[in-house]
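One structure is given below, encoded as structure tokens.
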Amino acid sequence: MTYTTNEMMTVAAARRLKNGSVCFVGIGLPSKAANLARLTSSPDVVLIYESGPIGAKPSVLPLSIGDGELAETADTVVPTGEIFRYWLQGGRIDVGFLGAAQVDRFGNINTTVVGDYHAPKVRLPGAGGAPEIAGSAKSVLIILKQSARSFVDKLDFITSVGHGEGGDSRKRLGLPGAGPVGIITDLCIMEPEEGTHEFVVTALHPGVSREQVVAATGWAIRFADSVETTAEPTEVELTALRDLEARTAAAHGQAPGEA
Numbered sequence: 078m079t080y081t082t083n084e085m086m087t088v089a090a091a092r093r094l095k096n097g098s099v100c101f102v103g104i105g106l107p108s109k110a111a112n113l114a115r116l117t118s119s120p121d122v123v124l125i126y127e128s129g130p131i132g133a134k135p136s137v138l139p140l141s142i143g144d145g146e147l148a149e150t151a152d153t154v155v156p157t158g159e160i161f162r163y164w165l166q167g168g169r170i171d172v173g174f175l176g177a178a179q180v181d182r183f184g185n186i187n188t189t190v191v192g193d194y195h196a197p198k199v200r201l202p203g204a205g206g207a208p209e210i211a212g213s214a215k216s217v218l219i220i221l222k223q224s225a226r227s228f229v230d231k232l233d234f235i236t237s238v239g240h241g242e243g244g245d246s247r248k249r250l251g252l253p254g255a256g257p258v259g260i261i262t263d264l265c266i267m268e269p270e271e272g273t274h275e276f277v278v279t280a281l282h283p284g285v286s287r288e289q290v291v292a293a294t295g296w297a298i299r300f301a302d303s304v305e306t307t308a309e310p311t312e313v314e315l316t317a318l319r320d321l322e323a324r325t326a327a328a329h330g331q332a333p334g335e336a
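With positions in the sequence shown counted from 1, the corresponding number in my numbering is that position plus 77.
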């Protein structure tokens, strides 16, 4: 089956979510990947959303954390405060799944502003629960499309801390957990280099060249000594993803490509 770069990104991200793990899910691309994982390789994953649903099993992708689909399909719903105090800060979240508007070489995220904070070119959606998720989850996965505008040498604003300034910066900040362990894009997969915690390319998606990745990155991106090629999406993965997008589009009155 033929597939798009966006489908490759979603499938590659879904594969990173281990079966049985407890995942704190962000809306948008993270939610799509997490729910694809639930429908394919990780049927026993526990999806938690900021608004309080635990064990959500939505049949369509939620429009927001307040979407009734999440509460209606969850094993239980608890107050938002409990999600953060008991589950997240209590060390019960295995994976935080986040999106970003900008990311830097150490996995720090900006979802606040583009440009000067007091006179921004673009004001973004903001932090939500992402700073707490990035700070307290046992590990973090980041998913976003790759371009020199989104993969920047210096963030305009640090909304959520990844590995700070690199090295032992995260440890010195007193943040628990491993921090970001993977950035999955429409071109490649990046992982933090041991010691420096700078993200390097460890896998290229099929048909993607190193030159494409370099052109789409705002810093001097480096490649691991051994760079793998991401396995192509299977028919099962693509069918599950496309069916999910079609159901979402029908439920929300969108064209399938907008889901």
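Glycine included, each C-beta is placed from N, C-alpha and C at the ideal position.
In this text the structure is predicted, and so the values were computed from the model without any measurement.
- Counting only runs of at least 3 residues, the region 268-332 fully encloses the following beta strand (DSSP E) elements, listed from N- to C-terminal order: 276-281, 300-306.
- Cβ-Cβ distances below 7 Å link K95 to S119 in the same chain, with the five nearest sequence neighbours on each side left out; the list follows chain order.
- Counting of Cβ neighbours within 10 angstroms places L138 among the buried residues, the total reaching 16 or more.
- Under DSSP, I131 forms a beta bridge with I125, T153.
- Closest in alpha carbon position to V172, among T236, R226, I260, is I260.
- As computed with DSSP, S216 is found in a beta bridge with V172.
- For E159, the closest C-alpha among the options I170, A326, V199 is that of I170.
- Residue pairing for A207: DSSP places it in no beta bridge.
- A contact between stretches requires three or more CB pairs, one per stretch, nearer than 8 Å, and the region 186-204 fails this requirement with the region 142-161.
- Per DSSP, R247 is one residue of the alpha helix (DSSP H) stretching across 246-249.
- Looking at the DSSP output, A196 sits in a beta bridge with D193.
- Burial of A111 is indicated by the presence of at least 16 other C-beta atoms within 10 angstroms of its C-beta.
- Non-local beta-carbon contacts of L106 in its own chain, meaning distances under 6 Å to residues more than five positions away in sequence, involve G176, I220 in chain order.
- Contact annotation: S141 and I186 have beta-carbon atoms that are not nearer than 8 Å.
- Excluding residues up to 5 positions away in sequence, V123, I125, R169, I170, D171 lie with their Cβ nearer than 7 Å to the Cβ of V99 in the same chain.
- Its chain contains A317, L321 as the residues whose beta carbon lies nearer than 7 Å to that of L116, once the 5 sequence neighbours on both sides are disregarded; these appear in chain order.
- Going by DSSP, V88 is part of the alpha helix (DSSP H) stretching over 82-92.
- Secondary structure at N185: coil, using DSSP grouped into helix, strand and coil.
- Beta-bridge partners assigned by DSSP to S237: I186.
- The region 286-301 makes no contact with the region 234-244: fewer than 3 CB pairs, one atom from each, lie closer than 8 Å.
- The alpha carbon of A255 has as its nearest neighbour, out of P202, A90, E84, E268, the alpha carbon of E268.
- Note: Q179 is bridge-paired with N187 in the DSSP secondary-structure output.
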